[in-house]
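Peer 1: Dropping the structure in here first, questions after.
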Amino acid sequence: MNPVAAKIRMGFVGGGEGAFIGQAHRQAAGLDGGFELVCGAFSRDAHNNQQTGAALGLAASRCYSDWQGMLDSEAALPAHLRMELLVIVTPNHLHAPIANQALQAGFHVFSEKPAAMNLRELLALKQVLQSSGRLYGLAHTYLGYPMVWQAREMVRTGVIGAVRKVLVEYPQGWLSQDVAGQGNKQAGWRDDPQQSGLGGCIGDIGTHAFSLAEFVADQPIEQICAALGTHIPGRQLDDDAAMLLRMAGGASGVLIASQVCAGEENPLKIRLYGDKGGLEWRQEEPASLIHRPLDQPLRVLRSGVGQSWLCEAARQRMRLPAGHPEGYLEAMANLYGDFARAIRAAAPGPDAPGVPGIETGLRGMAFIEAAIANHRGDTKWTALACTQ
């Protein structure tokens with residue numbers, strides 16, 4: 019029998035009681051039993067912090083009042099007790115500073131996106147990461163879905179031919195009113211440039227659409243022509259975006275991201291068209307991948323364990339037979355599973371195979387800055403540049 023792999027000791031910064039994304043991360047990390055939560059600095063509010071830690075079964079001594087103290091205290095513990103992985107689920111302005119210090123202290127890092135506030139800050143983080151010998155991952159959860167990998171493989175193997183058109187859209191409706199003004203904390207910090215960064219909607223969900231387009235089309239977006247909008251009086255950052263794309267392989271595209279599409283929930287969708295057919299995937303129906311062959315009836319490909327026609331990467335990311343829905347938590351769990359395997363294998367870093375990493379973060383940050391620059395300027399097309 020193979021020995022049971024030890025659980026990887028994990029700590030959290032952010033994700034206190036009432037924060038959706040922190041709970042989602044903890045549930046996803048626990049889905050396959052590869053991680054053990056051992057410590058946290060969950061909130062600047064002392065009561066929330068202690069209450070969250072107690073609810074999660076942590077000893078009071080491992081529930082820290084601030085992340086700096088947690089890093090110092092954990093680093094001083096014996097190696098068999100201290101955390102190995104730090105998960106960052108704070109507002110955006112803390113992502114890079116915490117990751118920077120965590121990597122220097124010898125901890126692996128898994129961070130919510132975007133990876134930093136700007137490209138300059140992220141390039142500095144990349145230098146720290148490269149010298150740390152640690153692993154770094156970004157929570158681009160939608161890249162964990164099995165049928166996203168299946169779509170990418172079908173593009174790579176020429177099933178739809180040379181890609182000509184990429185259409186990706188991510189409409190949400192939760193910011194259709196001034197919910198920040200009504201006391202919604204999640205909306206509040208997302209509209210604060212000091213906490214969110216230069217981009218509002220484009221940083222929050224536009225980067226997901228952008229990364230999905232590059233991943234499935236298997237080619238980078240080289241230039242964009244963008245129009246950003248703000249529809250609520252007093253809102254500081256964009257809540258709506260539309261842009262044209264030029265891709266390295268010759269494809270053209272359209273990206274739409276909006277948080278003021280009243281009535282919409284989370285219908286991220288991508289369509290790709292080549293000279294031999296098209297593909298379509300919808301996040302709200304993630305088990306289905308629509309294939310439209312040229313001059314043939316469309317077919318709907320379905321995920322599920324035992325589907326031998328699926329590519330190996332897709333099969334590795336499934337847990338249940340066809341007809342048993344797997345969704346957002348399972349997709350995030352796939353990222354955690356790949357990260358756990360890389361930690362156990364003592365992968366040299368900085369990337370864990372199968373997990374979006376620092377380069378994905380750089381691409382996303384270049385996208386945000388190019389979209390803002392293009393919208394504000396007079397140039398028709400703006401190139402994405404990942405270095406300064």
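So the sequence shown is numbered by the numbering used here: it starts at 19 and just counts up by one.
Yeah, the Cβ is synthetic: ideal placement off N, Cα and C, and Gly gets one too.
Cutting at 6 Å between CB atoms, please list the residues of its own chain near methionine 19, excluding the five before and the five after it.
Peer 2: Stepping through the sequence shown from its first residue, residue 19 is reached at position 1. Summary for methionine 19: the model assigns pLDDT 33, below 50, so the residue's position carries little reliability, and this model does not support an answer.
Peer 1: Among Gly32, Ala47 and Ala46, which has the Cα closest to the Cα of threonine 70?
Peer 2: Against the sequence shown, residue 70 aligns to sequence position 52. Nearest of Gly32, Ala47 and Ala46 to threonine 70, Cα basis: Gly32.
Peer 1: Relative to the C-alpha of histidine 65, which candidate in Cys81, Gly52 and Gln325 has its C-alpha closest?
Peer 2: Taking the sequence shown and counting its residues from 1, the one referred to as residue 65 is at position 47. Of Cys81, Gly52 and Gln325, the residue nearest in Cα terms is Cys81.
Peer 1: Based on the DSSP secondary-structure assignment, which residues constitute the bridge partners of alanine 59?
Peer 2: Here residue 59 is taken as the residue at index 41 of the sequence shown, counted from 1. Residue pairing by DSSP places alanine 59 opposite Val31 in a beta bridge.
Peer 1: Please classify tryptophan 299 as buried or exposed, where buried requires at least 16 neighbouring CB atoms within 10 angstroms.
Peer 2: Reading the sequence shown from its first residue, position 281 is the one you call residue 299. Tryptophan 299 should be labelled buried.
Peer 1: Skipping 5 residues on each side, what residues in its chain have a beta carbon closer than 6 Å to that of alanine 349?
Peer 2: For this step, residue 349 is matched to residue 331 along the sequence shown. So the list reads Thr159, Gly162 and Tyr163, once near-sequence residues are dropped.
Peer 1: Buried or exposed for leucine 316, please, with buried defined as at least 16 other CB atoms from any protein chain shown within 10 angstroms of its CB.
Peer 2: Residue 316 sits at position 298 when you count from the first residue of the sequence shown. The residue is exposed, with fewer than 16 neighbouring Cβ atoms inside 10 Å.
Peer 1: Please classify histidine 226 as buried or exposed, where buried requires at least 16 neighbouring CB atoms within 10 angstroms.
Peer 2: Within the sequence shown, the letter at position 208 stands for residue 226. Its Cβ being crowded by 16 or more others within 10 Å, histidine 226 is buried.
Peer 1: So is the beta-carbon of glutamine 200 under 7 Å away from any non-hydrogen atom of the ligand ADP?
Peer 2: With respect to the ligand ADP, the structure shown offers nothing to examine, as it has no ligands at all.
Peer 1: Within its chain, find whatever has a CB closer than 6 Å to the CB of glycine 198; leave out the 5 residues flanking it on each side and keep chain order.
Peer 2: Locating residue 198 in the sequence shown gives position 180, counting from the first residue. Note that residue 198 corresponds to alanine in the displayed sequence, not to glycine. Sequence-distant Cβ neighbours of alanine 198 in its own chain, meaning closer than 6 Å and more than five residues away, are Ala205, Gly206 and Asp209.
Peer 1: Considering alanine 48, what are the terminal residues of the alpha helix (DSSP H) in which it resides?
Peer 2: Taking the first residue of the sequence shown as position 1, residue 48 is located at position 30. According to the sequence shown, residue 48 is glycine rather than alanine. In the DSSP assignment, glycine 48 falls within the unbroken alpha helix (DSSP H) covering 38 to 48.
Peer 1: Do the stretch 244 to 260 and the stretch 280 to 297 make contact, defined as three or more Cβ pairs closer than 8 Å?
Peer 2: no
Peer 1: Give me whichever residues DSSP pairs with threonine 400 in a beta bridge.
Peer 2: Stepping through the sequence shown from its first residue, residue 400 is reached at position 382. The partner list for threonine 400 (beta bridge, DSSP) reads Ile242.
Peer 1: Nearest CA to the CA of alanine 37: which residue from Ala133, Phe60, Ala23 and Asp50?
Peer 2: Taking the first residue of the sequence shown as position 1, residue 37 is located at position 19. Nearest of Ala133, Phe60, Ala23 and Asp50 to alanine 37, Cα basis: Phe60.
Peer 1: With DSSP run on the structure shown, which of helix, strand or coil describes serine 83?
Peer 2: Walking along the sequence shown from the start, residue 83 turns up at place 65. In the structure shown, serine 83 sits in coil (DSSP, three-state: anything other than H, G, I, E or B).
Peer 1: According to DSSP, is histidine 4 part of a helix, a strand, or is it coil?
Peer 2: Summary: the structure shown does not reach residue 4, with the chain confined to residues 19 through 406, and so no result is reported for it.
Peer 1: If you reduce the DSSP assignment to three classes, tell me which class histidine 158 lands in.
Peer 2: For the purposes of this step, residue 158 is taken as the residue at position 140 of the sequence shown. It is coil, neither helix nor strand.
Peer 1: Let me know the secondary structure DSSP gives lysine 144 once reduced to three states.
Peer 2: Here residue 144 refers to the residue found at position 126 when the sequence shown is read from its first residue. In this structure, lysine 144 counts as helix in the three-state DSSP scheme.
Peer 1: In whole angstroms, what separates the C-alpha of glutamine 406 from that of glutamine 237?
Peer 2: Here the question's residue 406 lines up with position 388 in the sequence shown. Here the question's residue 237 lines up with position 219 in the sequence shown. In this prediction, glutamine 406 scores a pLDDT of 49, lower than 50, which makes its location untrustworthy; no coordinate-derived value is stated.
Peer 1: Could you round the C-beta distance between arginine 170 and phenylalanine 233 to whole angstroms and report it? I think they count as a contact, below 8 Å.
Peer 2: The count along the sequence shown starts at 1 and reaches residue 170 at position 152. The count along the sequence shown starts at 1 and reaches residue 233 at position 215. Confirmed, about 6 Å.
Peer 1: In the structure shown, what three-state DSSP assignment does glutamate 54 receive?
Peer 2: The residue labelled residue 54 in the question sits at position 36 within the sequence shown. Note: glutamate 54 maps to strand in three-state DSSP.
Peer 1: Less than 8 Å separating the beta-carbons of methionine 336 and glycine 355?
Peer 2: Here residue 336 refers to the residue found at position 318 when the sequence shown is read from its first residue. Here residue 355 refers to the residue found at position 337 when the sequence shown is read from its first residue. No, these two residues do not count as a Cβ contact at 8 Å.
Peer 1: Starting from phenylalanine 357 and walking both ways along the beta strand (DSSP E), at which residues does that stretch end?
Peer 2: On the sequence shown, residue 357 is found 339 positions in, with the first residue counted as 1. Counting along the chain, phenylalanine 357 falls outside any beta strand (DSSP E), though it belongs to the alpha helix (DSSP H) covering 346 to 362.
Peer 1: In chain order, what residues of the same chain have a beta carbon less than 8 Å from the beta carbon of glutamate 303, not counting five sequence neighbours either side?
Peer 2: Counting from 1 along the sequence shown, the entry for residue 303 is found at position 285. Excluding residues up to 5 positions away in sequence, nothing lies with its Cβ nearer than 8 Å to the Cβ of glutamate 303 in the same chain.
Peer 1: Quick check: what's the CA-CA separation for phenylalanine 30 versus glutamine 314?
Peer 2: Translated into positions along the sequence shown, residue 30 becomes position 12. Translated into positions along the sequence shown, residue 314 becomes position 296. One Cα belongs to phenylalanine 30, the other to glutamine 314, and the distance between them is close to 50 Å.
Peer 1: Assuming glycine 191 contacts proline 132 (C-beta within less than 8 Å), just tell me the rounded distance between them.
Peer 2: For this step, residue 191 is matched to residue 173 along the sequence shown. For this step, residue 132 is matched to residue 114 along the sequence shown. About 22 Å; that fails the 8 Å criterion.
Peer 1: Need the endpoints of the beta strand (DSSP E) that methionine 383 sits in, please.
Peer 2: Against the sequence shown, residue 383 aligns to sequence position 365. Not the beta strand (DSSP E): methionine 383 falls in the alpha helix (DSSP H), residues 376 to 394.
Peer 1: Find the nearest neighbour of alanine 403 within the set Thr397, Ala24 and Gly382, judged by alpha-carbon distance.
Peer 2: Within the sequence shown, the letter at position 385 stands for residue 403. When only C-alpha atoms are compared, the closest one is Gly382.
Peer 1: Using 8 Å as the threshold, is the stretch 128 to 143 in touch with the stretch 369 to 385, meaning 3 or more CB pairs across them?
Peer 2: The stretch 128 to 143 is in contact with the stretch 369 to 385.
Peer 1: If we count the other Cβ atoms within 10 Å of its Cβ and call it buried at 16 or more, is glycine 224 buried or exposed?
Peer 2: Position 206 of the sequence shown holds residue 224. Buried is the call here.
Peer 1: By Cβ distance, which residues of its chain are closer than 8 Å to leucine 76, with the 5 residues on each side in sequence left out?
Peer 2: Mapped onto the sequence shown, residue 76 falls at position 58. Leu55, Val56, Cys57 and Gly58, listed in sequence order.
Peer 1: Could you give the first and the last residue of the continuous beta strand (DSSP E) run that contains isoleucine 250?
Peer 2: If you number the sequence shown from 1, residue 250 lands on position 232. Note, isoleucine 250: premise wrong, no beta strand (DSSP E); not H, not E.
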